[in-house]
Every structure is written in C-alpha cells, then in structure tokens.
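K.L.:
27 is the number that my numbering gives to position 22 of the sequence shown; each next residue is one higher, with no gaps.
Glycine is no exception: its CB is placed at the ideal position from the N, C-alpha and C atoms.
So that we are looking at the same thing, I have put the structure below in structure tokens.
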Amino acid sequence: MQFNCFLLMPIMDKLPALLREEIKEKFRVMNEKLNSREFAQNLNPPSLQ
Numbered sequence: 006m007q008f009n010c011f012l013l014m015p016i017m018d019k020l021p022a023l024l025r026e027e028i029k030e031k032f033r034v035m036n037e038k039l040n041s042r043e044f045a046q047n048l049n050p051p052s053l054q
C-alpha cells in the first residue's frame with residue numbers, strides 16, 4: 006500500500022497555528038481562574054493605619 010504524503014500537507018501547514026491558538030486560549034482561561042496578583046493581594050490585606 007502506498008502512502009501519499011501530499012494529502013497531509015494542508016494539515017501540517019495549519020497545525021502549528023491551530024496548536025498555538027489552542028494553547029493561548031487554555032492559558033488565557035487558566036490565567037482568569039488563577040490570577041496570581043489578585044491572590045497575592047488577598048493573601049496580604051492592607052494594614053489599617
């Protein structure tokens with residue numbers, strides 16, 4: 006059975022961009038849920054002076 010690699014070329018051309026967008030979206034969602042700056046502010050509330 007022969008395999009024609011030209012069938013996969015359109016997929017391989019688009020794959021890096023698709024993966025990059027997927028990763029960026031996952032990090033955006035994770036950053037919304039785990040906002041480290043907000044967590045640090047809540048951990049050390051301002052002192053009353």
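Alpha carbon to alpha carbon, how far is Lys19 from Asn40?
P.N.:
One-based indexing of the sequence shown puts residue 19 at position 14. One-based indexing of the sequence shown puts residue 40 at position 35. Their Cα atoms are separated by approximately 31 angstroms.
K.L.:
Need the endpoints of the alpha helix (DSSP H) that Leu13 sits in, please.
P.N.:
For the purposes of this step, residue 13 is taken as residue 8 along the sequence shown, with counting starting at 1. Where Leu13 is concerned, there is no enclosing alpha helix (DSSP H), given that its DSSP letter is neither H nor E.
K.L.:
List the endpoints of the continuous alpha helix (DSSP H) containing Asn49.
P.N.:
By 1-based counting over the sequence shown, the position of residue 49 is 44. Note, Asn49: premise wrong, no alpha helix (DSSP H); not H, not E.
K.L.:
What is the rounded straight-line gap between the Cα of Glu27 and the Cα of Met35?
P.N.:
In the sequence shown, residue 27 corresponds to position 22, counting from 1. In the sequence shown, residue 35 corresponds to position 30, counting from 1. Using only the alpha carbons, I get a separation of about 12 angstroms.
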